[in-house]
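Visitor: Protein chains in written order, with my numbering: chain A, 697 to 1114; chain B, 164 to 493.
Sharing a structure here in structure tokens format.
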Amino acid sequence: MTIQRRTVLKGMAAAGASLGVSAKIASPALAQGAPFKIGLMTVKTGPLAQGGIQMEQGLLTFLKEKNNTLGGRKVELVVADTGGNPAGAKTKAQELVERDKVNVILGPLAAFELLAITDYILQTKTPLIAVAAAEDVTQRKANPYIIRPTTTSAQCCHVMADYALKELKLKRAATISEDFAFGHEQMAGFQRVFEEGGGKVVKKLWPPLVTPDYTPFIAQIGNVDMVFSGFAGSNPVKFMRAYADLGLAAKTPLMGGWTFMDDALLKSLGDEALGVLSGSSYSSAFESESNKRLVAAMAKDYNSLPGGYASGMYIGGMCVESALAIAGDKSTDGTAFAEALHKIKLEESPRGAFTIDARGNAVGAVFVRKCEKKNGQLVNTVVKTYPNVSQFWTYPEDEFLKNPVYSRDYPPAKNLEN
Amino acid sequence: MTRSLSTLVASAVALLLLATLPLWLGNTYYINVASQILYWAVFALGLNVLVGWAGLTSLGHAALFAVSGYTAAILVTAGHSHLVGAVAAIAMTVATAAVFAVLALRATGIGFLMITLALGQILWGIAYRWASLTNGDNGINFKTRPQPFGLDLTSAPAFYYLALLVFLAAVASMLVFVRSPLGAALRGTRDQPRRMTALGYNVWLIRFLAFLLSGFWTAVAGLLFLYYNQFISPQIAALQTSAEALLMVISGGTATILGPIAGAAIVVIMKNVVSAYVERWNMVLGIIFVLIISFMPEGLVPGVRRLIGVAWRGMRPAKAVITVRGEASS
Chain A
697 MTIQRRTVLK
707 GMAAAGASLG
717 VSAKIASPAL
727 AQGAPFKIGL
737 MTVKTGPLAQ
747 GGIQMEQGLL
757 TFLKEKNNTL
767 GGRKVELVVA
777 DTGGNPAGAK
787 TKAQELVERD
797 KVNVILGPLA
807 AFELLAITDY
817 ILQTKTPLIA
827 VAAAEDVTQR
837 KANPYIIRPT
847 TTSAQCCHVM
857 ADYALKELKL
867 KRAATISEDF
877 AFGHEQMAGF
887 QRVFEEGGGK
897 VVKKLWPPLV
907 TPDYTPFIAQ
917 IGNVDMVFSG
927 FAGSNPVKFM
937 RAYADLGLAA
947 KTPLMGGWTF
957 MDDALLKSLG
967 DEALGVLSGS
977 SYSSAFESES
987 NKRLVAAMAK
997 DYNSLPGGYA
1007 SGMYIGGMCV
1017 ESALAIAGDK
1027 STDGTAFAEA
1037 LHKIKLEESP
1047 RGAFTIDARG
1057 NAVGAVFVRK
1067 CEKKNGQLVN
1077 TVVKTYPNVS
1087 QFWTYPEDEF
1097 LKNPVYSRDY
1107 PPAKNLEN
Chain B
164 MTRSLSTLVA
174 SAVALLLLAT
184 LPLWLGNTYY
194 INVASQILYW
204 AVFALGLNVL
214 VGWAGLTSLG
224 HAALFAVSGY
234 TAAILVTAGH
244 SHLVGAVAAI
254 AMTVATAAVF
264 AVLALRATGI
274 GFLMITLALG
284 QILWGIAYRW
294 ASLTNGDNGI
304 NFKTRPQPFG
314 LDLTSAPAFY
324 YLALLVFLAA
334 VASMLVFVRS
344 PLGAALRGTR
354 DQPRRMTALG
364 YNVWLIRFLA
374 FLLSGFWTAV
384 AGLLFLYYNQ
394 FISPQIAALQ
404 TSAEALLMVI
414 SGGTATILGP
424 IAGAAIVVIM
434 KNVVSAYVER
444 WNMVLGIIFV
454 LIISFMPEGL
464 VPGVRRLIGV
474 AWRGMRPAKA
484 VITVRGEASS
């Protein structure tokens, strides 16, 4: 049982006068020279814990590399476990803001957690660097205090649809993903680009989040050129195994979004994963200086390969550093720091160069990766890089935003066959 | 006489502490935790009407909790006033509870548990799937807390006092209910349903009314949950919420008034405060439940009362014996 590093509450006895949320801004703890406090909202218990632990490891790796000092300023990390549910996320956000008085929040992991706290973030003017992919957080409900240096749900799926059409000349696809918002948004993004480019999505399958055996779903796939999948967590491992066991891996190419083939999953996979294509804003094989440092440190300290969650938080740390340099003395002012976060422009990061668009989402490279075996180990080799991919793909922003948010029913699937 | 006096003093002290809590607790965060304990306690008290006094264990109450929150969230987001939202939420939940009751009261024991579980899962499925109404997995953001009589509930202490008032009303209603003929009849249906029928009581109707009362306080707690979190999504309707509420009632002590309150406090404090210090807080919570079940199978509050009683008699053995004999001979 580990006791987490925590600051002792200084103002606990300070009574009624300092009540209310506004106390955060007036707090003496934020005076010059005090450490800059980062709150990490992650999930360390329950089914989402695997990604959540990677988030913590990624951020710890970054802070260790920087010796807990960013831009000449000491930083202090407070870690909170939300338990992976919206009400827990809200309480933990309150804990970080009201009790620990953090200057910026990194996380949370799941889309529904982020959606549960966006209004609170706005009210308390707390800058937040998100990893959760919920589209609308940087689209129709964009929040000036939130940036997302990773991707939206569909950002990589647009790319994969384009790749399938233009590079592989595939025309008929089936999609399969968990029946929740992240899955719906990914599949919708794929379907839109794929069908507008002349392809047809003829089957959309939605297994529940917890499915012990995917065989009955795979049996329904039928006659298609490819299967596109958006599974997350440990589901891809189960799915790929069943897919290979049924003999489809050799016949019908399998593709997916970033969680489907996250680098952190590679050690749990075997030959069934060979040849699987995935779209991600990160690849552990990407040759940049910071990525080499991240991969080496994660291997040494945690004996694991960083995936999207670990790199996302490492990059989140870089965003904090960059925004500290931009905002300078005003960094402890939530609004000024949030504005600085929107201005950052990283030339070098584990995902390469990227910028933040006006609605807070990253514009950067998306890699198409193919799973291969090198020296007896699985790797996601980059086969094509799409530079400067925006969350709106090639669509004009205002036109994109006029449509409803991607969902199970939008865009409508017109080419379904039985 | 002395017993009722000491109860009176204890109640007065507890009330005073609760009323002044935002002053001595200081930090906003802890006031918010206190507010959470209060609305979960209201939920647990509502569930306890069934679990404790009616002897009917429900695993579908999270759905009722969510019906209330969703009704208010949908109506207010559609432009109706908070008052309309709140009244409709309670009416809708009580109506849903009535439907639940009609279906579930065909059975008792495990049968009742399974029917309520199934009904709860159906409503969870609706919240999850009927995306055009509930916004599915993404949930509904509830922009502002209500402003009853122009009072702003945005700040933590203001919300705490609202939750406290509701909580005290819930406790008062439970006190009245337990002492009422209906409460006595309900306990009768729990212990001796056939004898109650023979005595001319309508056992089904008594249980039905108890279900409605339980549904009412669950609805009120659901509203407070919505106002507090300003967000609702299908997770809250899931089985885990029902199970958690049931744990609060059982660990605190069924068929008591303090029990569900103590249970709510334990669970909320474990989830929110202890989890900040101990990574494996789930395990700690589990150990606490195991200890409670092992040493105080009747629940924390009756268990502590029993242990204090044992200790008290242990300290004054002679006198206790004499009193008992004296009473017996008179």
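Where a beta carbon is used, it is the ideal one built from N, C-alpha and C, also for glycine.
Counting only Cβ pairs nearer than 7 Å, list the residues of chain A close to Tyr192 of chain B.
Guide: Correct list: Gln790, Glu791, Glu794, Arg795.
Visitor: For the beta strand (DSSP E) containing Gln398 of chain B, name the first residue and the last one.
Guide: First-last for Gln398 of chain B: undefined, no H or E at that position.
Visitor: I'd like to know whether the C-beta atoms of Ala427 of chain B and Ala281 of chain B end up nearer to each other than 7 Å.
Guide: No. Outside cutoff.
Visitor: Does the Cβ-Cβ distance between Gly385 of chain B and Ala260 of chain B come in under 7 Å?
Guide: Not closer than 7 Å, so no.
Visitor: Does the distance from the CB of Met1009 of chain A to the CB of Leu802 of chain A come in under 7 Å?
Guide: A contact, by the Cβ cut-off of 7 Å.
Visitor: If you count every other CB in all the chains shown that lies within 10 Å of the CB of Met478 of chain B, and 16 or more means buried, which is it?
Guide: By the 10 Å Cβ count, Met478 of chain B comes out exposed.
Visitor: Check whether chain B comes within 7 Å of Asn1111 of chain A, counting only Cβ atoms and requiring the distance to be less than that.
Guide: Not one chain B Cβ lies under 7 Å of Asn1111 of chain A.
Visitor: Is the Cβ of Asp300 of chain B closer than 7 Å to any Cβ of chain A?
Guide: Yes, its Cβ sits closer than 7 Å to a Cβ of chain A.
Visitor: For the alpha helix (DSSP H) containing Asn987 of chain A, list its first residue and its last residue.
Guide: Residues 985 to 998.
Visitor: Quick one: Cα of His880 of chain A to Cα of Glu791 of chain A, how far?
Guide: One C-alpha to the other measures close to 32 Å.
Visitor: Going along the chain, which residues of its own chain have a beta-carbon closer than 7 Å to the beta-carbon of Val247 of chain B, five neighbours each way excluded?
Guide: Counting only Cβ-Cβ distances below 7 Å, and skipping sequence neighbours, we find Leu238.
Visitor: Can you tell me which of the three DSSP states Ile825 of chain A falls into?
Guide: Here Ile825 of chain A sits in strand by DSSP.
Visitor: Would you kindly report the start and end of the unbroken beta strand (DSSP E) that includes Gln1073 of chain A?
Guide: Its beta strand (DSSP E) spans residues 1073 to 1085.
Visitor: Since His737 of chain A sits in a beta bridge, which residues does DSSP pair it with?
Guide: The amino acid occupying residue 737 of chain A in the given sequence is Met; His does not appear at that position. In DSSP, Met737 of chain A forms a bridge with A:Ala776.
Visitor: Rounded C-beta distance between Ala960 of chain A and Ala1006 of chain A? I'm assuming under 8 Å.
Guide: About 7 Å; that satisfies the 8 Å criterion.
Visitor: Which residue comes first and which comes last in the beta strand (DSSP E) that contains Lys1068 of chain A?
Guide: It should be pointed out that residue 1068 of chain A corresponds to Glu in this sequence rather than to Lys. Looking at the DSSP string, the run of the beta strand (DSSP E) that includes Glu1068 of chain A is 1058 to 1070.
Visitor: Go ahead and label Val1016 of chain A buried or exposed: buried means 16 or more other beta carbons lie within 10 angstroms of its beta carbon, across all protein chains shown.
Guide: Val1016 of chain A is buried by the Cβ-count criterion.
Visitor: Keeping to the same chain, check which residues put their C-beta closer than 7 Å to that of Ile200 of chain B; ignore five residues upstream and five downstream.
Guide: Result list for Ile200 of chain B: Ala427, Ala428, Val431, in chain order.
Visitor: Where DSSP assigns a beta bridge to Gly952 of chain A, which residues make up the other side?
Guide: Gly952 of chain A is bridged to A:Ser925, A:Ser974.
Visitor: Considering only C-alpha positions, which residue in the set A:Glu1044, A:His1038, A:Arg1065, A:Glu1043 is nearest to Ile1052 of chain A?
Guide: The option with the nearest alpha carbon to Ile1052 of chain A is A:His1038.
Visitor: Per DSSP, what are the beta-bridge partners of Arg868 of chain A in this structure?
Guide: Looking at the DSSP assignment, Arg868 of chain A forms a beta bridge with A:Lys896.
Visitor: So is the beta-carbon of Ala938 of chain A under 6 Å away from any non-hydrogen atom of the ligand NAP?
Guide: In the structure on display, the ligand NAP does not appear, and there are no ligands present to speak of.
Visitor: Check the Cβ of Gly1003 of chain A against every Cβ in chain B and list those closer than 9 Å, keeping chain order.
Guide: Chain B residues near Gly1003 of chain A: none, gap ~22 Å exceeds 9 Å.
Visitor: From the DSSP output, read off the bridge partner residues of Thr765 of chain A.
Guide: In the DSSP output, where bridge partners are listed per residue, Thr765 of chain A has A:Lys770.
Visitor: Report, in whole angstroms, the separation of the C-beta atoms of Lys821 of chain A and Gly1030 of chain A, which I expect to be a contact under 8 Å.
Guide: Indeed they touch by this definition, with Cβ atoms about 4 Å apart.
Visitor: When the cut-off is 7 Å and only beta carbons count, does Asn931 of chain A lie next to chain B?
Guide: Not one chain B Cβ lies under 7 Å of Asn931 of chain A.
Visitor: With distances taken between CB atoms, is the gap from Ala776 of chain A to Lys788 of chain A smaller than 7 Å?
Guide: Yes, Cβ-Cβ distance for Ala776 of chain A and Lys788 of chain A is below 7 Å.
Visitor: Measuring only the C-alpha atoms, how far is Leu715 of chain A from Phe322 of chain B?
Guide: Unreliable placement is indicated for Leu715 of chain A, whose pLDDT of 38 sits below 50; the coordinate value is still reported in the next sentence. Rounded to whole angstroms, Leu715 of chain A to Phe322 of chain B spans 12 Å at the Cα level.
Visitor: In angstroms with no decimal places, state the Cα-to-Cα distance between Gly953 of chain A and Asp796 of chain A.
Guide: Using only the alpha carbons, I get a separation of about 36 Å.
Visitor: Scan the stretch 252 to 285 of chain B for residues whose Cβ lies nearer than 9 Å to a Cβ of chain A and list them as they occur along the chain.
Guide: Of all residues in the stretch 252 to 285 of chain B, none has a Cβ within less than 9 Å of some Cβ in chain A.
Visitor: Of all Cβ atoms in chain B, is any one closer than 7 Å to the Cβ of Phe913 of chain A?
Guide: No - not a single Cβ of chain B is within 7 Å of the one on Phe913 of chain A.
Visitor: Looking at C-alpha atoms only, which residue of B:Asn301, B:Val383, B:Trp293, B:Ile273 is the closest neighbour of Ala254 of chain B?
Guide: Checking every option, the nearest Cα to that of Ala254 of chain B belongs to B:Val383.
Visitor: Let me know if Asn190 of chain B comes out buried or exposed under the rule of 16 or more other beta-carbons within 10 Å of its beta-carbon.
Guide: Buried, because 16 or more other Cβ atoms sit within 10 Å of the Cβ of Asn190 of chain B.
Visitor: Alpha carbon to alpha carbon, how far is Tyr233 of chain B from Ile395 of chain B? Give it in angstroms, no decimals.
Guide: Going by the C-alpha atoms only, they are around 7 Å apart.
Visitor: Please report the residue range of the beta strand (DSSP E) in which Thr1051 of chain A lies.
Guide: First-last of the beta strand (DSSP E) with Thr1051 of chain A: 1050 to 1052.
Visitor: Tell me, please, which residues DSSP counts as bridged to Leu372 of chain B.
Guide: Per DSSP, none; premise fails for Leu372 of chain B.
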